[in-house]
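Residues 5 to 271 (the working numbering) make up the sequence shown, in order.
Even for Gly, the Cβ is constructed at its ideal location relative to N, Cα and C.
Worksheet for the structure shown next.
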Amino acid sequence: MINCFLEANAATSQISYPFQAGWLDTPDWLILRDRVTDEFLVDGDACALVDAIDATRLLETHSVVADLALVSTHRGPFVMRTTQRPDEVEHATVQLGDVCPAAEALARATVHHFYGIDVVDWNRSQQKSEVTILDGAAAMRPDADTYNEDLVRAWFILTSMAIPTHLFVAPTALLESDQSEIRRMVESLRQASSVSDDRRRELRRNVSGDLEIDREHLTELLNDQKTRLTKNARKGWLDLANRVARAMALPVGPNPDVVSFGLAKEN
Numbered sequence: 005m006i007n008c009f010l011e012a013n014a015a016t017s018q019i020s021y022p023f024q025a026g027w028l029d030t031p032d033w034l035i036l037r038d039r040v041t042d043e044f045l046v047d048g049d050a051c052a053l054v055d056a057i058d059a060t061r062l063l064e065t066h067s068v069v070a071d072l073a074l075v076s077t078h079r080g081p082f083v084m085r086t087t088q089r090p091d092e093v094e095h096a097t098v099q100l101g102d103v104c105p106a107a108e109a110l111a112r113a114t115v116h117h118f119y120g121i122d123v124v125d126w127n128r129s130q131q132k133s134e135v136t137i138l139d140g141a142a143a144m145r146p147d148a149d150t151y152n153e154d155l156v157r158a159w160f161i162l163t164s165m166a167i168p169t170h171l172f173v174a175p176t177a178l179l180e181s182d183q184s185e186i187r188r189m190v191e192s193l194r195q196a197s198s199v200s201d202d203r204r205r206e207l208r209r210n211v212s213g214d215l216e217i218d219r220e221h222l223t224e225l226l227n228d229q230k231t232r233l234t235k236n237a238r239k240g241w242l243d244l245a246n247r248v249a250r251a252m253a254l255p256v257g258p259n260p261d262v263v264s265f266g267l268a269k270e271n
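See the structure below:
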């Protein structure tokens with residue numbers, strides 16, 4: 005049996021929460037984790053809804069299935085938090101902490117080129133800094149004493165492109181030999197998204213309460229999210245990956261194999 009790893013956090017809640025809450029039975033093949041990285045798939049024998057930048061490291065063994073993704077355009081789960089107004093910050097060490105690769109990539113693409121901040125250093129310690137990057141629940145917890153900038157929104161204004169935060173990847177060899185098992189997985193995960201849509205008020209109330217996050221931010225995030233890889237988001241993903249490839253040691257010029265089962269309409 006092939007397994008599928010699924011992140012279960014604020015950013016993925018419209019797909020993961022129905023399984024967490026028992027609204028749907030969790031299939032034997034589905035493994036929920038707080039965070040899924042490319043290291044979970046090094047053997048090349050599992051599927052995953054994985055961080056979009058991590059996905060670029062898997063393209064030799066895995067294909068991207070366009071029918072399931074999490075795509076943001078105007079509101080995302082990544083923020084830049086500053087102690088002063090961003091236009092007043094001239095030079096700064098950017099504190100990345102333990103943010104996911106997609107958050108780091110968006111920060112590297114926007115902190116200087118959009119906000120005009122000269123970056124002295126990118127730091128992964130927990131020291132305080134004038135500029136801090138946050139993701140997930142931490143990004144959705146308000147802090148009245150700081151300024152918070154949505155990096156997805158900044159990216160869209162800079163490029164006119166959406167960005168996938170998560171992509172569904174599946175072993176290319178299995179897709180070439182028998183797609184039926186992976187198709188059923190994708191159908192099950194899309195069903196979870198439909199259940200979340202039907203129970204959206206309950207979802208937002210429960211997730212915001214459980215994680216102690218701002219309900220308005222979560223609502224805007226979920227309203228903005230698309231659940232398939234659109235053409236615009238695919239272009240944005242590859243553009244972002246190329247911009248940060250050297251700094252983040254990513255494959256240069258990724259050429260992903262993208263397949264679709266026709267389960268979701270193009271947007």
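Quick check on GLY266: buried or exposed, where buried means 16 or more other Cβ atoms within 10 Å of its Cβ? exposed
Flag this pair as yes or no: are the beta carbons of ALA12 and GLY140 separated by less than 8 Å? no
Coarse secondary structure for TRP126, derived from DSSP in three states: strand
For the beta strand (DSSP E) that GLN195 lies in, which residues bound it at each end? Counting along the chain, GLN195 falls outside any beta strand (DSSP E), though it belongs to the alpha helix (DSSP H) covering 184 to 202.
Quick one: any contact between the stretch 161 to 179 and the stretch 77 to 96, if contact means 3 or more CB pairs under 8 Å? yes
Taking the alpha carbon of GLY213 as the reference point, which residue from ASP228, ALA59, MET144, PRO260 has its own alpha carbon closest? MET144
Based on the DSSP output, what are the partners of PRO168 in its beta bridges? VAL75
Taking C-beta to C-beta, are PRO175 and GLY48 nearer than 8 Å? yes
Rounded to a whole number of angstroms, what is the C-alpha to C-alpha distance between TYR151 and VAL68? 36 Å
Apart from the five residues just before and just after GLN24, which ones in its own chain have a Cβ nearer than 8 Å to its Cβ? ALA12, LEU36
Beta-bridge pairing of ARG37 - partner residues as DSSP gives them: GLU11
Give every residue of the same chain whose Cβ lies closer than 8 Å to the Cβ of MET252, excluding the five residues on either side of it in the sequence, and list them in chain order. ILE57, PRO105, GLU108, ALA109, ARG112
Please state the DSSP three-state secondary structure of HIS95. strand
In chain order, what residues of the same chain have a beta carbon less than 8 Å from the beta carbon of GLY240, not counting five sequence neighbours either side? TRP159, THR163, MET165, ALA166, ILE167, PRO168
Quick check: what's the CA-CA separation for MET189 versus CYS8? 8 Å
From GLU191, LEU28, LEU34, TYR119, residue whose alpha carbon lies closest to that of MET5: LEU34
Cβ neighbour criterion (16 or more within 10 Å) applied to SER197: buried
Using the rule of at least 16 other Cβ atoms within 10 Å of the residue's Cβ for burial, across every protein chain shown, is HIS116 buried or exposed? exposed
Does the Cβ of LEU62 have 16 or more other Cβ atoms within 10 Å, making it buried, or fewer, making it exposed? buried
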